[in-house]
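**Student:** Structure incoming, see below.
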Amino acid sequence: MGFTLGLTGSIATGKSTVSKMLSDAGIPIIDADVSARRAVEKGTDGLASIVDFFGSDILLPDGQLDRAKLGSIVFMNEDKREQLNRIVHPFVQQDMLNERKKCFEAGEMMVVFDIPLLFESELANMVDEVLVVWTTEEVELERLMARNNLTKAEALARIQSQIGISKKKAWADFLIDNNGTKEETKRQVDQLLQELSRRGIMKRNNGGE
11 MGFTLGLTGS
21 IATGKSTVSK
31 MLSDAGIPII
41 DADVSARRAV
51 EKGTDGLASI
61 VDFFGSDILL
71 PDGQLDRAKL
81 GSIVFMNEDK
91 REQLNRIVHP
101 FVQQDMLNER
111 KKCFEAGEMM
121 VVFDIPLLFE
131 SELANMVDEV
141 LVVWTTEEVE
151 LERLMARNNL
161 TKAEALARIQ
171 SQIGISKKKA
181 WADFLIDNNG
191 TKEETKRQVD
201 QLLQELSRRG
211 IMKRNNGGE
């Protein structure tokens with residue numbers, strides 16, 4: 011069995027940037043958001059389970075999930091949001107495990123599970139070690155306000171809906187400090203890959219470095 015690195019961070023700390031760098035280095039990325047979309051496509055057991063609970067009103071005329079309508083239902087109702095997560099999470103996890111199995115069967119030695127809410131969803135047991143991409147809370151706030159055109163209050167509400175980045179840092183096996191330039195982040199990613207290579211976790215020539 012190969013090695014699974016869990017990649018996470020907090021909103022606007024730069025996880026997607028690091029995910030792309032790892033992908034560019036030739037490491038398969040299994041994205042929880044992609045699996046979540048696939049798990050509720052038309053004809054899936056995931057979508058059928060959602061319809062069983064929420065009713066067929068959350069379907070579009072063509073039978074696809076009406077994401078906007080479902081979102082409006084669960085956004086204002088924490089109980090229904092938690093129920094939706096309970097329904098969907100097992101299907102998402104199974105999709106990710108299926109993708110990982112394919113990678114390992116194809117000879118890959120390492121995969122990355124890109125899971126934004128790794129700790130919030132209690133999915134750390136799916137990975138061998140965890141990489142947290144972090145910034146200071148001040149940088150996180152500034153970047154989120156600029157990226158999503160939010161007020162300070164709106165941005166803080168989004169940040170505070172997740173576990174704080176300081177806690178995530180304490181739980182990490184590896185850290186990427188993304189407070190600086192993209193070049194500085196890339197250097198840290200390269201150092202991480204060298205460390206994993208030294209441990210025999212990934213092929214030294216994976217990605218051509």
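All the letters of the sequence shown, read from the start, carry residue numbers 11 to 219 under this note's numbering. Glycine residues also receive a C-beta, built at the ideal position from the N, C-alpha and C atoms. Everything numeric in this text was worked out from a predicted model, so none of it was measured.
1. Assign residue 11 to buried or exposed, taking buried as 16 or more other Cβ atoms, counted over all protein chains shown, within 10 Å of its Cβ.
2. Closer than 8 angstroms by C-beta to residue 31: which residues in its own chain qualify, once you throw out the five before and the five after it? Chain order, please.
3. Is the Cβ-Cβ distance between residue 52 and residue 65 less than 8 angstroms?
4. Return yes when the Cβ of residue 50 is within less than 8 angstroms of the Cβ of residue 75, no when it is not.
5. As an exercise, report each continuous alpha helix (DSSP H) stretch of at least 4 residues that is fully enclosed by the stretch 85 to 113, in chain order.
6. Less than 8 angstroms between the beta carbons of residue 17 and residue 124, yes or no?
7. With distances taken Cα to Cα, identify the nearest neighbour of residue 6 among 35, 108, 137 and 62.
8. Which of the three DSSP states, helix, strand or coil, is assigned to residue 56?
9. Whose C-alpha, out of 116, 109, 83 and 146, is nearest the C-alpha of residue 176?
10. Considering just the uninterrupted stretch of the beta strand (DSSP E) at residue 76, what are its terminal residues?
11. Among the candidates 35, 29, 27 and 42, whose CA atom is the shortest distance from the CA of residue 133?
12. On the criterion of 16 or more Cβ atoms from any shown chain inside 10 Å, does residue 88 qualify as buried, or is it exposed?
13. Which one or two residues does DSSP pair with residue 14 in a beta bridge?
14. For residue 121 versus residue 110, is the C-beta spacing smaller than 8 angstroms?
**Tutor:** Looking at the coordinates:
1. exposed
2. Closer than 8 angstroms at Cβ, skipping near neighbours: 195, 196 and 199.
3. No, the pair does not count as a contact, with Cβ atoms beyond the cut-off.
4. yes
5. none
6. yes
7. Past the edges of the chain, shown from 11 to 219, lies residue 6, and the structure says nothing about it.
8. helix
9. 146
10. Where residue 76 is concerned, there is no enclosing beta strand (DSSP E), given that its DSSP letter is neither H nor E.
11. 42
12. That one is exposed.
13. 121
14. yes
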